[in-house]
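Engineer: Residues in the sequence shown are numbered consecutively from 1144, following my numbering.
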Amino acid sequence: MDTVELLILLIGSLAVTGFARAKGLPAPLLVTAVALAVSFVPGLPHIEIDSELILTVVLPPLLYSAALDVSWQSFRTSIKQIRRLGIFLVIVTALVVGVVAYLLIPDMSLPAAILLGAIVAPPDAVSAAAIGRKLGLPRRVMTVLSGESLINDAASLTLVRVFTLIIAGTSLTIWQDLGIFGLAIGVGLVVGGVLGVLVHWIRMRINDPVVETIMSILLPFVAYITAEHLSGSGVIAVVTAGLYIGYNSPKEGYATRLQERPLWTSIDVILEGFVFALIGLQLNDVVQKLAASDRSLGQTLTAAVVILLVVIVVRPLFVFESYVRNRINGRWLRPLRVRVSRGHPSLRWLRGTAEPKLNWRELTVISWTGMRGVVTLAAAVSVVASPVEIPAQDTIFVIAFIVTVGTLLLQGLTLPFVIRALRVQDPSEGIEDVRSEMRLNERTTRAAIDLIEQRRPEWGGRYGPEATDLFVARLKARLERAAETFRQDALEDETEDRGLPARLRGSQMQDIRRDLLDRRREIVLEEREKGNLDEEVMRRVLVTLDAEELAMDSAQASRSRS
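1. Hey, how far is the Cα of Arg1630 from the Cα of Ser1392?
2. Three-state secondary structure (DSSP) at Arg1438?
3. What alpha helix (DSSP H) runs, 4 residues minimum, are completely inside the stretch 1393-1463?
4. Give a yes or no on whether the C-beta atoms belonging to Gly1331 and Val1378 are separated by under 8 Å.
5. Short check: CB of Ile1310 to CB of Ile1542, under 8 Å?
6. On the three-state DSSP scale, how would you describe Arg1515?
7. What is the rounded straight-line gap between the Cα of Glu1692 and the Cα of Ile1357?
8. Should Arg1566 be labelled buried (16 or more other beta-carbon atoms within 10 Å of its own) or exposed?
9. Among residues of its own chain, excluding the 5 on either side of Arg1458, which ones have a beta-carbon nearer than 6 Å to its beta-carbon?
10. To the nearest angstrom, how far is the alpha carbon of Asn1675 from that of Thr1220?
11. Applying the 10 Å Cβ sphere with the 16-neighbour rule, what's the burial state of Val1548?
12. Please name the residue, chosen from Glu1585, Arg1468 and Val1518, that lies closest to Val1303 on a Cα-to-Cα basis.
13. Is Phe1183 buried or exposed, if buried means 16 or more other CB atoms sit within 10 Å of its CB?
14. Tell whether a beta-carbon distance below 8 Å holds between Val1680 and Asp1576.
15. Between which two residues does the alpha helix (DSSP H) harbouring Ala1328 extend?
16. Residue range of the alpha helix (DSSP H) that Pro1352 falls in?
17. Nearest by alpha-carbon distance to Glu1148: which of Ile1595, Arg1664 and Phe1417 is it?
18. Can you grab the Cα-Cα spacing for the pair Ala1264 / Ala1256, in whole Å?
19. Opposite Pro1266 in the DSSP bridges: which residues?
20. What three-state label does DSSP hand Asp1696 in the structure shown?
21. Hey, Gly1375 and Leu1326: beta-carbon distance below 8 Å or not?
22. Going by DSSP in three states, Gln1568 sits in which element: helix, strand or coil?
23. Return the first residue and the last residue of the alpha helix (DSSP H) that Asn1675 is part of.
24. Could you give the distance in angstroms between the alpha-carbon of Pro1363 and the alpha-carbon of Pro1204?
25. Which residue comes first and which comes last in the alpha helix (DSSP H) that contains Pro1204?
26. Between the Cα of Arg1348 and those of Ile1151, His1372, Tyr1367 and Thr1399, spot the shortest distance and give me the residue it belongs to.
27. Identify the continuous alpha helix (DSSP H) that holds Leu1172 and give its terminal residues.
28. Of all the options Gly1516, Ile1592 and Arg1621, which has the alpha carbon lying nearest to the alpha carbon of Leu1198?
29. Since Leu1211 and Trp1344 should fall inside the 8 Å C-beta cutoff, what is the C-beta to C-beta distance between them, to a whole number of angstroms?
30. In whole angstroms, what separates the C-alpha of Pro1608 from that of Asp1593?
31. Under a three-way DSSP split, which group does Asp1250 fall into?
32. Helix, strand or coil for Gly1167 per DSSP?
33. Closest by CA to Leu1280, which one among Leu1556, Leu1501, Arg1589 and Leu1308?
34. How is Lys1277 classed by DSSP in three states: helix, strand or coil?
35. Could you spell out where the alpha helix (DSSP H) holding Lys1223 opens and where it closes?
36. Return helix, strand or coil for Ala1690, following the three-state DSSP convention.
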């Protein structure tokens, strides 16, 4: 792909994405559909997927941006569900698809068939998340989908690495396979954790939003390449770094947060449009491969359709098998373990940990969000371009393409109807968010009044008791209005400041407003750490506080210039 082709692809995908967003349509599906049609335009140069470009340039920022938005508390609470879907379902899908492909495609060895299964195993939650956010999926469902998409690519790519080695003639025992898998995860966790801590430590000390933002942009690439160089999982490294930075970003400067938020949103939009356009443009190449193949067209298409159906069916079977097992565990086994461990502290681990309960409607939605994405095609291209002689290489790419596009269109187009028909939305979630904000507001108001009372002696000695009493009374009145309206800018009402000393009106008001903002941020973080405040609510509150501080700094800068 040369520079001109890349530029045209970016502009075209952005134009279709903009149209889809304006019309309220799912952008990934529309971009894919348009690209499928465009791939047959006469004279259009073929644009191949460069697996190295996708895996080292496109995938890291997409994963990092997604990790920044994931609530660490919700991720940790749902880790069992995420682990089941992101690791075990990938392995199960790879094995089941491998057996089916081995039976359907005569010249495909079992390792090559399982390699195909590993390639088509990981769903891509981009389109599902876009549809889910628009239709108001409950936060616990979005957490599971987002968390799964953060780790399933690592499981898939590690399996691809293992079975490529097996096909190349490397004799591996089951323990060596597990060792490769464990090493990839362990190295990824260490690299991502170390880089995340280091970058956060530096960003806390330099107070330069431009440099801090550049560090954030570079971090996913450095994490991915470093982990891969050390035989680890670049995906896990990027996700670990993103989760750490996302969790700790409220402790950093407000200007950095305000600058990074729209930046990463823009990067998401352009890269997602690019990858889905790239998927659609492969259709013509797939048709040519089918025409040039020695294998009969009917045999290849039959195998592809059967594998597509297997991929779609395995997910709900796995999801509901886990659901039934958890119901049995919760109703009979866990109470038994609790009774056994009662009075024996050393056996408390038998009780296990509780996880968010998902009802059958929510599980149905999760089971239908199996759309495959660009990682599947990138892995297929890497197999085709591999120096290792892999049986039925072209067939692997064709089947991977049909599974990707088939799941995108079949499940992506029907997912909105499934969500609406099942009425999965949770109105109580919004009500609880409002209650959380009200509780936060009440605590903030109490803390602000305490802070004012602490300053009263200082102001009294400087401005006199009469002016100080008047100032404190007016501040408390404004705080009550701010508590009622959820607006900190209610403190900025200069019409009530007549009769106060000029310095008490100006500098002290600015100082107290800034101190109150700092105190409120502290309270927000304290409530999050205690588990009393959902991180999504926390982010909304922080956006308001950041905007308030930006307005204060802008006003102060304007006054200093005039």
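Built from N, CA and C at the ideal position, the CB exists for glycine as well.
Structural biologist: So, to answer that:
1. For Arg1630, the predicted structure reports a pLDDT of 49, less than 50, and the residue's modelled location is therefore unreliable. A value from the coordinates is still provided. If you take the alpha carbons of Arg1630 and Ser1392, they lie about 23 Å apart.
2. Judged by DSSP in its simplified three-state form, Arg1438 adopts coil rather than helix or strand.
3. Runs of the alpha helix (DSSP H) inside the stretch 1393-1463: 1397-1423 and 1426-1435.
4. Yes; because the gap between Cβ atoms is below 8 Å, this pair is in contact.
5. Ile1542 is positioned such that its CB atom lies no closer than 8 Å to that of Ile1310.
6. Strand, per DSSP.
7. Using only the alpha carbons, I get a separation of about 22 Å.
8. So Arg1566 ends up on the exposed side.
9. Scanning its chain for C-beta atoms nearer than 6 Å, with the 5 sequence neighbours on each side dropped, one finds around Arg1458 the residues Ser1510 and Gly1513, in chain order.
10. Going by the C-alpha atoms only, they are around 14 Å apart.
11. Val1548 is buried by the Cβ-count criterion.
12. Distance check between Val1303 and each of Glu1585, Arg1468 and Val1518 places Val1518 closest, using alpha-carbon atoms only.
13. Within a 10 Å sphere around the beta-carbon of Phe1183 sit fewer than 16 other beta-carbons, which makes this residue exposed.
14. The answer is yes: Cβ separation under 8 Å.
15. Here the sequence assigns Ile to residue 1328, which means Ala is not the residue at that position. For Ile1328, the enclosing alpha helix (DSSP H) begins and ends at Ile1317 to Ile1349.
16. Looking at the DSSP string, the run of the alpha helix (DSSP H) that includes Pro1352 is Pro1352 to His1372.
17. Check the Cα spacing between Glu1148 and each of Ile1595, Arg1664 and Phe1417: the tightest is with Phe1417.
18. Distance between the alpha carbons of Ala1264 and Ala1256 is about 12 Å.
19. Looking at the DSSP assignment, Pro1266 forms a beta bridge with Arg1515.
20. Note: Asp1696 maps to helix in three-state DSSP.
21. Cβ distance < 8 Å, so Gly1375 and Leu1326 count as in contact.
22. Collapsing the DSSP output to three states places Gln1568 in coil.
23. It is not in any alpha helix (DSSP H) - Asn1675 carries neither H nor E in the DSSP assignment.
24. Taking the straight line joining both Cα atoms gives about 6 Å.
25. Pro1204 -> alpha helix (DSSP H) spans Leu1202 to Asp1212.
26. Taking only the C-alpha atoms, the option nearest Arg1348 is Thr1399.
27. Residue range Ala1170 to Val1181 is occupied by the alpha helix (DSSP H) that includes Leu1172.
28. The residue among Gly1516, Ile1592 and Arg1621 with its C-alpha nearest the C-alpha of Leu1198 is Gly1516.
29. In fact, because the Cβ distance is near 18 Å, the residues do not count as touching under 8 Å.
30. The alpha-carbon of Pro1608 is positioned some 18 Å away from that of Asp1593.
31. Three-state DSSP puts Asp1250 in coil, outside helix and strand.
32. Secondary structure of Gly1167 (DSSP, three-state): coil.
33. Minimum Cα distance to Leu1280 is reached at Leu1501.
34. Looking at Lys1277 - three-state DSSP - the assignment turns out to be helix.
35. Going by DSSP, Lys1223 is part of the alpha helix (DSSP H) stretching over Ile1222 to Arg1226.
36. In the structure shown, Ala1690 adopts helical secondary structure according to DSSP, grouped into three states.
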